[in-house]
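One structure below.
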Amino acid sequence: MKQISVIVPLYHEEAVVEKFYTALKKELVQLQNYTHSILFVVDGDGDNTVNILRQISEHDSSVEVVVFSRNFGHQMALLAGIDHAQGDAIIMMDGDLQHPPSLIPKLLEQFEKRNDVVHAVRESTEDIGFRRKFASQIFYRLVNIISDTPIIEGAADFRLISRRVADIMHKNIRERNLFIRGIVNWIGFKQATVPYIAAKRAGGKSKYSLIKLVRFAFSGAISFGRRPLRIASFVGSLFAIGGFVFALWTLVQYYLGNQFPAGWATVVMLLSIFGGLQLIFLGIVGEYVGAIFDEVKARPHYLVQEKINL
Ligand code: UDP
Ligand code: MG
Numbered sequence: 000m001k002q003i004s005v006i007v008p009l010y011h012e013e014a015v016v017e018k019f020y021t022a023l024k025k026e027l028v029q030l031q032n033y034t035h036s037i038l039f040v041v042d043g044d045g046d047n048t049v050n051i052l053r054q055i056s057e058h059d060s061s062v063e064v065v066v067f068s069r070n071f072g073h074q075m076a077l078l079a080g081i082d083h084a085q086g087d088a089i090i091m092m093d094g095d096l097q098h099p100p101s102l103i104p105k106l107l108e109q110f111e112k113r114n115d116v117v118h119a120v121r122e123s124t125e126d127i128g129f130r131r132k133f134a135s136q137i138f139y140r141l142v143n144i145i146s147d148t149p150i151i152e153g154a155a156d157f158r159l160i161s162r163r164v165a166d167i168m169h170k171n172i173r174e175r176n177l178f179i180r181g182i183v184n185w186i187g188f189k190q191a192t193v194p195y196i197a198a199k200r201a202g203g204k205s206k207y208s209l210i211k212l213v214r215f216a217f218s219g220a221i222s223f224g225r226r227p228l229r230i231a232s233f234v235g236s237l238f239a240i241g242g243f244v245f246a247l248w249t250l251v252q253y254y255l256g257n258q259f260p261a262g263w264a265t266v267v268m269l270l271s272i273f274g275g276l277q278l279i280f281l282g283i284v285g286e287y288v289g290a291i292f293d294e295v296k297a298r299p300h301y302l303v304q305e306k307i308n309l
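Just so it is clear: in the sequence shown, position 61 is 60 by numbering that gives the first Met the number 0, and no numbers are missing.
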């Protein structure tokens, strides 16, 4: 019998965790041919989530829990899940019931067809606010414009990965600026997609604010390629050529004996354009330096405060 591990990141989810567990368990016990374990990664203590999980794990030995020492972020929680999960197939999903457990048999069906990665792709979301929908669209557009490796629009962190992919993540892909959505596409192998309709959050509030989402998009793009740097060099050289032509023209004017002090407006405009551009590109370079800084320090990806049933 094959084993599947379901990994679930939780950040202050006391309002939904029990409901989620019940719904997931109901689905998992129906699977023939598979044994299962559920690995909750608590990404920062601070509410009742851990206590609820402690009670659940007393009755159900298939429930395992890793508690972080603080909030390390969604991607690190998933990485910790991948590091600790033992299954032949690993399914990662949100703990707020937006990712329906009823999709699991379909993911497994594709896994049995020898796919190493099965993406669950959101077709639409029930009752999602306009702002949120807009934010999500901008997110995928932005990432796909700036990053080199395309990501699938609507493919959030709900997917199945094989043991082989999990081992690669565990051993070889240890980026601090981790963007799993991009990485799984970069890894390759045979991949499939399964559509689903995302449900409304079963309780509690979203842990991703608009600002956090934009930051996530940027860090994803930066972690994923050098295209922003290339754009910076391209626009930079374009302006440099323009500047060179302009300088030449000025020189010619000078030797033709034209009077100068006019042209104050031109100087001011050029100064502000170049000043602005330089600051933007300095910022882009700074983002990469920051990312390199994080890697060079080589701190642990996350710190574990407590493990239950592991
Ligand atoms: N999450 C996490 N750490 C964070 C933010 C979120 O572990 O810093 C978890 C959260 O508990 C949930 C999942 O990641 O299980 C998705 O987060 P959320 O539902 O808030 O995001 P949304 O669905 O609104 O994009
Ligand atoms: Mg959610």
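Glycine included, each C-beta is placed from N, C-alpha and C at the ideal position.
What is the rounded straight-line gap between the Cα of residue i and the Cα of residue j?
| i | j | result |
| --- | --- | --- |
| GLN330 | PHE19 | The first residue shown for the chain is 0 and the last is 309, placing residue 330 beyond what the model contains. |
| ILE58 | VAL28 | Checking the sequence shown, residue 58 turns out to be His, not Ile. Cα to Cα, the separation comes out at about 15 Å. |
| SER68 | SER236 | 47 Å |
| VAL284 | SER271 | 20 Å |
| LEU23 | PRO100 | 5 Å |
| GLY187 | PHE233 | 30 Å |
| ALA134 | LEU177 | 21 Å |
| GLY80 | VAL40 | 6 Å |
| LEU78 | SER61 | 20 Å |
| TYR195 | LEU102 | 7 Å |
| LEU96 | ALA290 | 33 Å |
| PHE129 | GLU122 | 16 Å |
| TYR253 | ARG298 | 59 Å |
| ALA76 | ILE6 | 9 Å |
| VAL295 | VAL288 | 10 Å |
| LEU269 | SER146 | 30 Å |
| LEU281 | ILE230 | 13 Å |
| GLU305 | ASP115 | 31 Å |
| ALA154 | THR249 | 54 Å |
With H, G and I counted as helix, E and B as strand and the rest as coil, what does DSSP make of residue i?
| i | result |
| --- | --- |
| SER161 | strand |
| TYR195 | strand |
| PRO299 | coil |
| LYS170 | helix |
| LYS1 | strand |
| PHE67 | strand |
| LYS306 | strand |
| PRO8 | strand |
| ARG121 | strand |
| LEU38 | strand |
| MET91 | strand |
| TYR207 | coil |
| VAL116 | strand |
| GLN62 | The sequence shown places Val at residue 62, rather than the Gln named in the question. Three-state DSSP puts VAL62 in a strand. |
| GLN314 | Residue 314 lies beyond the stretch modelled for the chain, which goes from 0 to 309, so this question has no answer here. |
Please name the residue, chosen from the options, that lies closest to residue i on a Cα-to-Cα basis.
| i | options | result |
| --- | --- | --- |
| VAL120 | GLU152, ASP147, ARG131 and PRO104 | GLU152 |
| GLU322 | HIS118, PHE238, ASP46 and MET168 | No information on residue 322 is available, as it lies outside the stretch 0 to 309 that the chain covers here. |
| LEU228 | LEU250, LEU276 and LEU255 | LEU276 |
| ASP156 | ARG226, LYS1, LEU52 and PRO8 | PRO8 |
| GLN2 | ILE37, ALA14, TYR10 and VAL15 | ILE37 |
| GLN74 | GLN304, VAL183, VAL288 and TRP263 | VAL183 |
| LEU30 | ASP44, VAL49 and GLU108 | GLU108 |
| LYS112 | PRO149, ILE160 and PHE71 | ILE160 |
| VAL15 | GLY94, LYS296, ILE279 and PHE71 | GLY94 |
| PHE215 | LEU250, ARG175, ALA197 and ALA239 | ARG175 |
| ALA220 | VAL251, GLY274, LYS170 and THR148 | THR148 |
| LYS206 | THR21, GLY43 and VAL267 | GLY43 |
| PHE238 | HIS300, GLY72, LEU302 and GLY274 | GLY274 |
Could you name the residues of the same chain whose beta carbon sits closer than 8 Å to that of residue i, not counting the 5 residues immediately before and after it, in chain order?
| i | result |
| --- | --- |
| GLN320 | Nothing in the structure corresponds to residue 320, since the chain is present only between 0 and 309. |
| GLU17 | ILE51 and ILE55 |
CB-CB under 7 Å to residue i, same chain, minus the five flanking residues each way: which ones, in chain order?
| i | result |
| --- | --- |
| LYS105 | VAL193 |
| ILE172 | ILE182 |
| LEU302 | PHE67 and SER68 |
What does a CB cutoff of less than 6 Å around residue i pick up in its chain, not counting 5 residues either side in sequence?
| i | result |
| --- | --- |
| HIS98 | MET92 and PHE157 |
| ARG180 | ILE150 |
Determine whether the Cβ of residue i lies closer than 9 Å to any Cβ atom of chain B.
| i | result |
| --- | --- |
| ARG158 | Absent here is chain B; the protein component of the structure consists of one chain. |
Could you tell me whether the segment 87–96 touches the segment 132–151, where touching means 3 or more Cβ pairs closer than 8 Å? no
Cβ pair count under 8 Å reaching 3, the segment 239–247 against the segment 182–201: Because the criterion of three Cβ pairs below 8 Å is not met, the segment 239–247 and the segment 182–201 do not touch.
When the Cβ atoms of the segment 188–198 are set against those of the segment 144–164, are three or more pairs found closer than 8 Å? Judged by Cβ distances under 8 Å, the segment 188–198 makes contact with the segment 144–164, as three or more pairs qualify.
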